[in-house]
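Engineer: Residue numbers (my numbering): -8 to 537. From the three backbone atoms N, C-alpha and C, an ideal C-beta is built for every residue, glycine too. From a predicted model like this one, the values you see are computed outputs, not experimental measurements. There's a structure below that I have some questions on.
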Amino acid sequence: MPNMRILLTLSLAATLLGTAASPRTASQPSLSIEPAGAASAIEADFLTAAARSRHGRSGDIYTLPQAYNYVVERDYANLVTSHFAGIGGPAVREHRGTTHGTAWAYDTRIPIVLYGPGRIRSHFRPTEPATQQDLPATFAHLMQTTPPRDSRGRILRSALLPAASPPKALLTLVLDQAGRNLYRAHPDAYPNIRRLMDGGTDYQAGRVTHLESETALGHIAIGTGAYPDRSGVTSNFFYHGGHGAKTYAFTVSEPHSPLFLESPTLGDHWSHQTAGQAIVASYCYSDRAAMGMGGHGSYFAGNPPSLVWYYDNQSGKFATNGAYYRLPPYLTGYDTATYATKLTAGTGLWMDQKIGNPADVITSPALTTMEGDAVVRLIQQEAFGADAVPDLLYVTLKGTDAASHRYGYESDEAAAVLHEADTQVGRIVDAFAAKVGAGNFVVALSADHGGTPLPERTGGKRLIDDDLMEMLNHRFAPNPKSPAVVYLTNCQIWLDPNVLTPKKQAGLLQFLRQLKVGGKPFYRLVLDAQTIEAKRAALIRQGLIY
């Protein structure tokens, strides 16, 4: 029997599909709503980003929700209560979390900062465009080597001071989902990061220029300089026709695998060029970010295993894939249970939130504190800057992403995690400077993407992914054993071509274009793959894609 939800009118169905829940209070936070960006430019930006990102693993339909609307995974749509006193809002508000992934400014405006006394211009805020793909090209230039094979970024020359020799070590720091909007919401939460911004070059027009604005893609851009058309990773998850299933971009025949990543990282390239002499280390609690920056380890061109590790949210400890990477023994004893107990004084409650298991600890400052301790110890234990061969260290503090997904980036909870991340950034940079020596290092600070404001604040609408899939399949492929829509994200939809005839696919496109939630169109753009391919061909002719 079909789900009764999809037999209702569209407006009612949309409400049951996860539209904004009623808040506990009618008052609104005083923080102004984050601008979505120029409506006149968004369609061109979306088309260009999609064309740059088109690959055989991409979806069959491309969708851009209207400003402040989004499609969210069910795992990120649980009813929660969080606090907003810090932005002048209600003390407590119920909501269903948020996400990211679109081409709107709140998802794509990110800091791109370079810092390095004696090597990087200080107190400089250029307005020229900058993007994540520029970082590997810039670091390669500083290291006096070539960028990795698929790098498509440019050298950020305006930030660089003349130097007689390469830096001894280069540090990349990423705060996940820490777009400009997170800093704008909590201006007093990041004194150490502000020190880097003020003391270095802070590109004011930094933004994500690929699709989708997600963790895997952002970190791969920072690691490789490639767009998804080259890297092969078009989303955190995609539909794999050969497997006949939704597939994680960093799991092939084994979990925690880099084999779908088709582009070499700067670390891969540099390790090969130096015959393994350079240290290449990368950490994020998410494996897709750690591997996306650090690379393929020993899988690439006979390189030695690199120092790439991540967090196991079952055990609460660090882990790695020993087939390609190594985890130093001195990092194996860290356990989030110890840090959570200290944070909560043994109660299991932090800011009225339960963080009693390893999967929940990531939304609190506890994991971020543990990460800082581990990275500082790594810097102290390993031989960073010990010779003339530059070393590479990549670190992502992803607690800002977990807190923003669950509680909203505007929340007091997100502010607390940002503040702890800032504390650890300060410790990591200071430890790096002490180890490598003044004038011998460069730091890049950025984000993989921004985040969408809570629709309870903006009036936007959220749809839950599997509910939307169910509704579409009920209408266009009523046989539950043969779905037409096999997977979807915020901006892509994968179809089974054996189920949808061209006529039915045209009907699906039209249905999506007319879909309304709360009486208003949900999507701004709904495009087929042929439209994206045509745009891509035009950009290739213009020399803008190569």
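Going by beta-carbon coordinates alone, are H247 and F291 separated by less than 8 Å?
Structural biologist: Contact: no.
Engineer: Would you mind stating whether D141 and S273 have Cβ atoms separated by less than 8 Å?
Structural biologist: Not a contact, by the Cβ cut-off of 8 Å.
Engineer: Who are the near neighbours of D303 in its chain, counting only those whose CB is closer than 6 Å to its CB and skipping five residues on each side?
Structural biologist: Answer for D303: A310, listed in chain order.
Engineer: How should Q533 be labelled, buried or exposed, when 16 other C-beta atoms within 10 angstroms of its C-beta is the threshold for buried?
Structural biologist: Q533 is exposed by the Cβ-count criterion.
Engineer: Does any residue of chain D have a CB that is nearer than 8 Å to the CB of K333?
Structural biologist: This model lacks chain D altogether; it includes just one protein chain.
Engineer: Apply the 10 Å Cβ neighbour rule to I370 and answer buried if 16 or more other Cβ atoms are within range, or exposed otherwise.
Structural biologist: By the 10 Å Cβ count, I370 comes out buried.
Engineer: Report yes or no: do three or more beta-carbon pairs, one from the segment 348 to 355 and one from the segment 121 to 132, lie closer than 8 Å?
Structural biologist: Too few Cβ pairs lie closer than 8 Å, so no.
Engineer: Should G363 be counted as a contact of the ligand ADP given a C-beta to heavy atom distance under 7 Å?
Structural biologist: With respect to the ligand ADP, the structure shown offers nothing to examine, as it has no ligands at all.
Engineer: Output the distance between the C-alpha atoms of P255 and H287, rounded to the nearest integer angstrom.
Structural biologist: Their Cα atoms are separated by approximately 7 Å.
Engineer: What's the call for T443, buried or exposed, on a 16-neighbour Cβ count within 10 Å?
Structural biologist: Per the 10 Å Cβ criterion, buried.
Engineer: Starting from I103, trace the beta strand (DSSP E) in both directions and tell me its first and last residue.
Structural biologist: Unbroken beta strand (DSSP E) run through I103: I103 to Y106.
Engineer: Expressed to the nearest angstrom, what Euclidean distance is found between the alpha-carbon atoms of Y181 and Y97?
Structural biologist: Rounded to the nearest angstrom, the two C-alpha atoms are 19 Å apart.
Engineer: Would you check if there are 3 or more beta carbon pairs closer than 8 Å linking the segment 191 to 208 to the segment 418 to 430?
Structural biologist: No: fewer than three Cβ pairs fall under 8 Å.
Engineer: Based on the DSSP output, what are the partners of Y514 in its beta bridges?
Structural biologist: Note: Y514 sits in a beta bridge opposite P56.
Engineer: With burial defined as no fewer than 16 other Cβ atoms inside 10 Å of the residue's Cβ, what is the status of G307: buried or exposed?
Structural biologist: Looking at its Cβ environment, which holds 16 or more other Cβ atoms inside 10 Å, G307 is buried.
Engineer: Return the residue from the list T118, E119 and S149 that minimises the CA-CA distance to H538.
Structural biologist: This structure gives no information on residue 538, because the portion of the chain shown stretches from -8 to 537.
Engineer: Spatial neighbours of V386 within its chain, please: CB distance less than 6 Å, with the 5 preceding and 5 following residues excluded, ordered by chain position.
Structural biologist: Here the set comprises L164, Y274 and V366.
Engineer: Given a cut-off of 8 Å, decide if G214 and G109 are closer than it, judged by their beta-carbon atoms.
Structural biologist: It is not a contact, given that the beta carbons lie outside the stated cut-off.
Engineer: Taking only the alpha-carbon atoms, compute the straight-line gap between K159 and Y67 and give it to the nearest angstrom.
Structural biologist: Approximately 41 Å between the Cα atoms of the pair.
Engineer: Starting from the C-beta of E64, find all residues in its chain whose C-beta is less than 6 Å away, skip the five residues before and the five after it, and write them out in chain order.
Structural biologist: Answer for E64: D456, listed in chain order.
Engineer: What number of angstroms, rounded off, separates the C-alpha of I211 from the C-alpha of A217?
Structural biologist: Distance between the alpha carbons of I211 and A217 is about 7 Å.
Engineer: Do you know how far the Cα of L463 is from the Cα of V420?
Structural biologist: When rounded, the distance between both Cα atoms is 49 Å.
Engineer: Starting from the C-beta of T354, find all residues in its chain whose C-beta is less than 6 Å away, skip the five residues before and the five after it, and write them out in chain order.
Structural biologist: Taken in chain order, the residues that qualify are A393, A394 and R397.
Engineer: With H, G and I counted as helix, E and B as strand and the rest as coil, what does DSSP make of F75?
Structural biologist: Coil, per DSSP.
Engineer: May I ask you to report which of helix, strand or coil DSSP gives T99?
Structural biologist: Looking at T99 - three-state DSSP - the assignment turns out to be helix.
Engineer: Which residue from Q305, A269 and A280 puts its Cα closest to that of N294?
Structural biologist: It is A269.
Engineer: Residue ranges of each alpha helix (DSSP H) run of no fewer than 4 residues wholly in the segment 151 to 218, ordered along the chain?
Structural biologist: Whole alpha helix (DSSP H) segments, 4+ residues: 171 to 176, 182 to 190 and 206 to 215.
Engineer: Looking at L151 and F432, is the spacing between their C-beta atoms short of 8 Å?
Structural biologist: In this structure, L151 does not lie closer than 8 Å to F432 by Cβ.
Engineer: Near Q135, what residues of its chain come up, given a Cβ to Cβ distance below 6 Å and the 5 sequence neighbours on each side ignored?
Structural biologist: P157.
Engineer: Cutting at 7 Å between CB atoms, please list the residues of its own chain near T40, excluding the five before and the five after it.
Structural biologist: First, the residue type needs correcting, since residue 40 is Ala and not Thr in the sequence shown. A94, T200, H201 and L202, listed in sequence order.
Engineer: Would you list the residues sitting across from S437 in a DSSP beta bridge?
Structural biologist: Per DSSP, V165.
Engineer: Applying the 10 Å Cβ sphere with the 16-neighbour rule, what's the burial state of P138?
Structural biologist: By the neighbour-count rule (16 or more Cβ atoms within 10 Å), P138 is buried.
Engineer: Quick check: the segment 78 to 87 against the segment 492 to 500, are at least 3 beta-carbon pairs closer than 8 Å?
Structural biologist: No, they do not touch.
Engineer: Below 8 Å, can you find three or more Cβ-Cβ pairs linking the segment 231 to 244 to the segment 56 to 63?
Structural biologist: They do not touch, by the three-pair rule.
Engineer: Could you have a look at H91 and say whether DSSP puts it in helix, strand or coil?
Structural biologist: Coil, per DSSP.
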